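Each remark here refers to the structure printed beneath this line.
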Amino acid sequence: MGMTFDYAKLVMDNEFAYMIKHAVKGIDVDDATLAVDVIRQVGPGGEFVSHEHTYQHFKESQSRSVLIDRRMPEDWVALGSVDMLTKANDVAIDLYDHYKPIPLSCDVQKKLREIVNQAEKHYNVRLSVE
-10 MGMTFDYAKL
0 VMDNEFAYMI
10 KHAVKGIDVD
20 DATLAVDVIR
30 QVGPGGEFVS
40 HEHTYQHFKE
50 SQSRSVLIDR
60 RMPEDWVALG
70 SVDMLTKAND
80 VAIDLYDHYK
90 PIPLSCDVQK
100 KLREIVNQAE
110 KHYNVRLSVE
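With this note's numbering, the residue at position 85 of the sequence shown is 74, and numbering never jumps.
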């Protein structure tokens, strides 16, 4: 009946949806993204990690996570072993305490009010208080 709700789960679902959208959008495949010129420049057996091209493009190819810790396990343990649920709960609390939504425009508010009024009339109920 939807009588309980877990805000931490909502934060996790939001991150998963972002990651899925990132993966589904696909990968651009062209000379720039394949780094054809860089491969020619560095040559066989060369090192690409410190190359400027890698630095400019690596952020685009991997989704950035707030909740998922991609550190090595020993580093994660050394930093307190904070799990995803704990992080998500902390994010949810922070959002609850500090998030300030951008108000809807007057036109949007008016349209929403019209929709609610029509629904109330159609179902012969009062859904909201002005």
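Yeah, the Cβ is synthetic: ideal placement off N, Cα and C, and Gly gets one too.
Remember, it's a predicted structure, so these values are computed and weren't measured experimentally.
Alpha carbon to alpha carbon, what distance is there between MET73 and GLU4? 11 Å
For the region 64 to 81 and the region -10 to 0, state whether three or more C-beta atom pairs, one from each stretch, are separated by less than 8 Å. yes
Where the alpha helix (DSSP H) through ASP86 begins and ends: From DSSP, the alpha helix (DSSP H) with ASP86 extends over 73 to 87.
Please name the residue, chosen from LEU68, ARG60, ARG59 and VAL27, that lies closest to TYR44 on a Cα-to-Cα basis. Comparing Cα positions, the closest option is VAL27.
Three or more beta-carbon pairs under 8 Å between the region 83 to 91 and the region 9 to 17, yes or no? no
What does the alpha-carbon distance come out to for the pair GLU51 and LYS100? Correcting the residue identity first, residue 51 is Gln in this sequence and not Glu. Looking at the two C-alpha atoms, the distance is approximately 39 Å.
Consult DSSP for GLN51 and reduce its assignment to one of helix, strand or coil. coil
Rounded straight-line distance, which links the Cα of TYR85 to that of ASN106: 29 Å
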